[in-house]
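Chains as they are written, first to last, in the numbering used here: chain P, 1 to 616; chain L, 617 to 792.
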C-alpha cells in the first residue's frame with residue numbers, strides 16, 4: 001500500500017491539478033516549432049533545423065526541435081499526444097525525485113512529500129500547460145536522472161553508474177541550457193556528503209564551461225531587451241522575487257485580492273521554517289539541508305541576470321531543492337513532537353493555500369487560450385478548403401487569442417497563407433512591442449474592400465467554438481464605413497487592382513502583368529519623409545540583348561529618375577519620393593522603357609513584366 | 617515488478633481519459649450561413665450576435681459586458697410593427713467609478729441613420745439605462761445602425777492601455 005502510494009500519489013495529484021494542462025492546445029511559440037518540419041527538405045536542412053541556434057540562440061534538439069518535428073509528422077495538429085508525452089516525462093521526474101529524496105533522507109515519507117510539494121508549486125503550471133515549455137520538464141528529467149545515477153554510484157561504487165551519469169549529463173544539453181548547472185549540483189552534494197567522490201565530479205565542470213563558450217560563439221547576438229543579461233546588483237532583487245514566488249502566496253496575490261500583510265507574513269514564516277530546519281539539522285551534523293538550499297541557488301543562478309524577463313516557470317527546476325527540503329522537514333516533524341508536527345502541517349497548508357489555486361488557474365487559462373486559437377486555426381483550415389485561394393478576413397479576434405497564437409502565424413500549418421484580421425481590429429489588440437507589431441496582421445482597408453468587391457475574400461466572425469461566415473453582412477454594414485483610400489501596395493498580378501492600371505498594359509497573366517513601352521498605375525502618396533517607391537518585376541534576357549535597360553519613372557507629375565536593369569530575371573528598383581508628394585491621397589506613377597520586344601510566338605510589344613508597386 | 621505494472625496502468629488511464637475528453641473538444645469548424653439573422657436586442661456578451669457590434673467594443677469581460685470606446689456602433693433589427701408604431705431604444709450600461717472620478721460627467725448621444733436622439737448626461741457612477749423613443753419614420757428598413765458617441769472618454773494611459781468609455785451589457789429596441 002505504502003509503495004503504491006509512493007509511486008502513484010504524485011502522478012495522480014499532478015493529473016488532478018493540471019488536468020486542463022493535459023488538454024490544452026497549442027499556443028504562441030508552439031506554432032514556430034510545429035512549422036519547423038516544413039523547412040526540412042534534405043539532410044543539410046534537417047541538420048540546420050535540429051541544431052542551428054534559434055529563438056535567442058537556443059539549441060534544444062530533444063525538447064523542442066526533434067520533439068515537435070517527430071510528433072508533428074505523426075500527429076499533426078493533434079495536441080493530446082504531445083501533452084501526454086510531457087506528462088509522462090513529468091511522472092518520471094516525480095518518481096526520480098521521490099527516489100532521490102528517499103535515498104538522501106532515508107524517509108519514504110520525505111520522498112513522497114517532496115514529489116507532492118513540487119507538483120503543487122505554481123511554477124510547474126506553465127510547463128505542464130504549454131508544450132513549448134517542455135524543455136523545463138525534460139531538463140528536469142536529465143538533471144534528476146543524472147543525479148540519481150550519481151547517487152547510486154556513491155552508494156555502490158559501481159563505475160557503470162558514473163559513466164551512465166556522464167551520458168545523461170551530456171544528453172541533457174539537448175534539452176535546456178540550464179543543464180550546465182549539473183556539475184555544480186553533483187559537486188556540492190559530493191563535497192557535503194560523499195567527499196571521496198568530489199574529485200570525480202570536477203571533470204564535468206569544464207564540459208559546462210565549454211558548452212557556455214561554444215553556445216556564446218554560435219548563438220546570434222541577443223537583440224530583444226527581454227533577454228539581455230544584466231550582471232549587477234539587480235540580480236539580488238531578482239533572486240528575492242524568485243524566492244518569494246517559490247512559496248506560492250505571492251503568486252496568489254496576483255490572482256486575487258489578499259490582505260496586504262499575508263504575502264510578507266507567509267513568505268517570512270515559510271522562509272524561517274525552511275532555513276531554521278536546515279540550520280537545526282546542520283548543527284546536528286546533517287548538512288543535507290544546505291545541499292537542498294544549494295540546489296535552489298545553483299539552478300536559479302543562470303536566469304538571475306535576465307533582469308527584464310522574470311518568469312515564474314524559471315522556478316520549475318530550482319523548486320525541486322525546496323520541495324526536497326520541505327518534504328524532509330515535514331517528515332522529520334513527525335518525530336519531533338505534536339506541536340512541531342502540527343506547525344509543519346500548518347505551514348504546508350499555507351503553501352498549498354497559496355499554490356494550488358494558482359496552478360489550477362494558470363492551467364485553466366492556458367486551456368482557454370488554446371481553445372480560442374484552436375477554434376480560429378481549425379476554422380481557417382476549413383474556410384480555406386471551402387474557399388480556396390480567397391483572402392480570409394477574421395472579425396472579432398480578441399486580444400487574448402491574437403497574442404495566444406495569431407501573432408505566431410499559425411495559418412501556414414493548415415495551408416492558409418492569406419489570413420488577416422479585418423481593418424479596424426488593431427483597436428482591439430493591445431500593443432506588445434516585445435512580440436512585434438500588430439499592423440502586418442491587419443488587412444489594409446483598400447485591399448480588403450477590393451477583395452470583397454471582386455468576391456475574392458470571405459469574412460468570418462470568430463466565435464467561442466467556431467467561425468461564422470458573415471461575408472454578406474460585413475460587406476453591407478461595415479465595409480461602407482471604411483474611408484476610401486488608394487492602396488500603398490499594388491500587386492499587378494491581382495485582378496482586384498485592375499482598375500488602377502492605365503496606359504499600355506497587357507491582360508493579367510498568372511501572377512504578373514506585362515507592360516508595353518509605357519504604363520501608369522495609381523497608388524497612395526508617401527506618408528512620411530524618406531519613403532520610397534518600389535517596383536518589382538521580371539526582365540527577360542531578350543530585353544537586354546541591346547544592352548542595359550533604363551526604366552524612367554514619374555510620380556504625381558514629378559520625374560523621379562531613371563534606373564538601369566543590368567541583369568535578366570527578377571528585379572526591384574527603388575525611387576526616392578519628393579516631399580511635395582507627402583500626404584497626397586493618390587499619385588499616378590508612370591513607368592517608361594526605351595524599347596519593347598516581341599517573339600514569333602508572341603507578337604505583342606513587351607516592355608517589362610511587373611509584380612508589385614509599393615510605397616514604403 | 618510492481619512499478620512495471622503501475623506504469624502501463626497509469627498510461628492507459630491517461631490515454632483513455634484523454635481520449636474521451638478529446639471527443640468533446642472537436643469543434644464544427646465553421647458555419648457557412650452567410651445571412652446571419654439580426655436581433656432586435658443584443659446582449660453584448662452573446663457570441664451569436666457579436667457580428668452586430670460593428671465598431672467600438674472591446675472583448676467580453678466576465679461573460680457579461682464589454683467596455684466601449686468613445687464611439688460605438690451596433691446594427692439592430694427593428695421589432696415587428698416598429699415601422700408603424702415606432703419603438704424604444706434602450707441601452708443598459710454602467711458608468712464605472714474610475715471613469716466618473718476622472719471625467720466628472722459623461723454625456724451619451726445616439727443617432728439612428730441621420731436621426732439624432734436626445735442625449736443623456738451621467739453624473740454618478742453605477743448602473744444606468746439610456747432609453748429614448750424612436751419614431752416609426754426611421755425604423756422602416758429591415759435593419760438600422762445605431763451610432764453612440766460619448767462627449768468624453770478615458771484616453772489610453774496609466775489606468776488602461778485602451779480608450780475607455782462606458783461598460784455596456786445590453787442594447788436593443790423595445791416594441792411599443
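Every residue gets a Cβ at the ideal spot worked out from N, C-alpha and C, and that includes glycine.
Bear in mind that the values here come from a model prediction, so they are computed numbers and not experimental data.
Asked	Found
Can you find the residues in the same chain that come closer than 7 angstroms, C-beta to C-beta, to residue 620 of chain L, ignoring five residues on each side of it along the sequence?	Bear in mind that a pLDDT of 48 at residue 620 of chain L, under 50, signals an unreliable position, so the number given afterwards is only what the model happens to contain. Same-chain partners within the cutoff: there are none.
Once DSSP output is grouped into helix, strand and coil, what is the label at residue 629 of chain P?	No statement about residue 629 of chain P is possible, as the shown extent of chain P runs from 1 to 616 and does not include it.
In three-state DSSP terms, what is residue 215 of chain P?	helix
How should residue 731 of chain L be labelled, buried or exposed, when 16 other C-beta atoms within 10 angstroms of its C-beta is the threshold for buried?	exposed
Do residue 114 of chain P and residue 98 of chain P have their C-beta atoms within less than 8 angstroms of each other?	yes
Cα-Cα, which of P:275, P:63 and P:18 is closest to residue 173 of chain P?	P:63
Just to confirm, are residue 248 of chain P and residue 355 of chain P a CB contact at a threshold of 8 angstroms?	yes
How is residue 521 of chain P classed by DSSP in three states: helix, strand or coil?	strand
Taking Cβ-Cβ distances shorter than 8 angstroms, what residues in chain P pair up with residue 649 of chain L?	468 and 469
Note the first and the last residue of the continuous beta strand (DSSP E) segment covering residue 506 of chain P.	501 to 509
Would you kindly work out how many angstroms separate the C-alpha atoms of residue 134 of chain P and residue 21 of chain P, rounded to a whole number?	12 angstroms
Hey, does residue 435 of chain P have any beta-carbon neighbour from chain L nearer than 8 angstroms?	no
Could you tell me if residue 637 of chain L is buried or exposed, where buried requires 16 or more neighbouring beta carbons within 10 angstroms of its beta carbon?	Bear in mind that the predicted position of residue 637 of chain L carries a pLDDT of just 43, short of 50, making it unreliable; the figure below should be weighed with that in mind. With fewer than 16 Cβ atoms within 10 Å of its Cβ, residue 637 of chain L is classed as exposed.
So which residues of chain L does residue 386 of chain P contact, with C-beta pairs closer than 9 angstroms?	646 and 648
Where does residue 371 of chain P sit, in a helix, a strand or coil, going by DSSP?	helix
When you compare the CB of residue 638 of chain L with every CB in chain P, is at least one pair closer than 8 angstroms?	For residue 638 of chain L, the predicted structure reports a pLDDT of 42, less than 50, and the residue's modelled location is therefore unreliable. A value from the coordinates is still provided. Closer than 8 angstroms to some Cβ of chain P, the Cβ of residue 638 of chain L qualifies, so yes.
Does any residue of chain L have a CB that is nearer than 8 angstroms to the CB of residue 502 of chain P?	no
Quick one: does residue 694 of chain L have its CB under 8 angstroms from some CB of chain P?	no
Starting from residue 761 of chain L, find everything on chain P with Cβ-Cβ shorter than 9 angstroms and list it in chain order.	477 and 481
From what residue to what residue does the beta strand (DSSP E) around residue 841 of chain L run?	Shown here, chain L extends from 617 to 792; a query on residue 841 of chain L therefore has no answer.
What residue does the alpha helix (DSSP H) around residue 90 of chain P start on, and which one ends it?	80 to 105
Taking beta-carbon pairs under 7 angstroms, can you tell me which members of the segment 659 to 683 of chain L lie near chain P?	663, 666, 667, 670, 671, 674 and 675
Contact defined as beta carbons within less than 8 angstroms: I believe residue 436 of chain P pairs with residue 407 of chain P. What is the distance between those atoms, to the nearest angstrom?	7 angstroms
Cβ closer than 7 angstroms: which chain P residues qualify as neighbours of residue 691 of chain L?	477
Give the secondary structure of residue 637 of chain L by DSSP, where H, G and I count as helix, E and B as strand, and everything else as coil.	Caution is warranted here: a pLDDT of 43 is assigned to residue 637 of chain L, below 50, making its placement in the model unreliable, and the coordinate value is therefore given only provisionally. Residue 637 of chain L falls in the helix class under three-state DSSP.
Taking the straight line between their C-alpha atoms, what separation do you get for residue 284 of chain P and residue 244 of chain P?	28 angstroms
Which residues, taken in chain order from the segment 701 to 712 of chain L, show a beta carbon closer than 8 angstroms to some beta carbon of chain P?	none
Does the beta-carbon of residue 470 of chain P have 16 or more other beta-carbons within 10 angstroms, so that it is buried, or is it exposed?	buried
Mind checking residue 569 of chain P: buried by the 16 CB within 10 Å criterion, or exposed?	exposed
What are the boundary residues of the alpha helix (DSSP H) that includes residue 289 of chain P?	288 to 300
Is the segment 673 to 687 of chain L in contact with the segment 746 to 766 of chain L, if contact means three or more CB pairs nearer than 8 angstroms?	yes
Nearest-angstrom Cα distance between residue 643 of chain L and residue 664 of chain L?	Low local confidence applies: a pLDDT of 47 at residue 643 of chain L is under 50, so the model's placement there is unreliable, with the coordinate-based value given in what follows. Looking at the two C-alpha atoms, the distance is approximately 16 angstroms.
Using the beta-carbon of each residue, which ones in chain P are nearer than 9 angstroms to residue 771 of chain L?	Near residue 771 of chain L there are no residues of chain P at all, since even the closest Cβ is about 13 angstroms away, more than 9 angstroms.
Just checking, does the segment 58 to 77 of chain P make contact with the segment 2 to 18 of chain P on the three C-beta pairs under 8 angstroms criterion?	no
Skipping 5 residues on each side, what residues in its chain have a beta carbon closer than 8 angstroms to that of residue 678 of chain L?	none
Using the Cα positions of residue 575 of chain P and residue 251 of chain P, report the straight-line distance between them to the nearest angstrom.	55 angstroms
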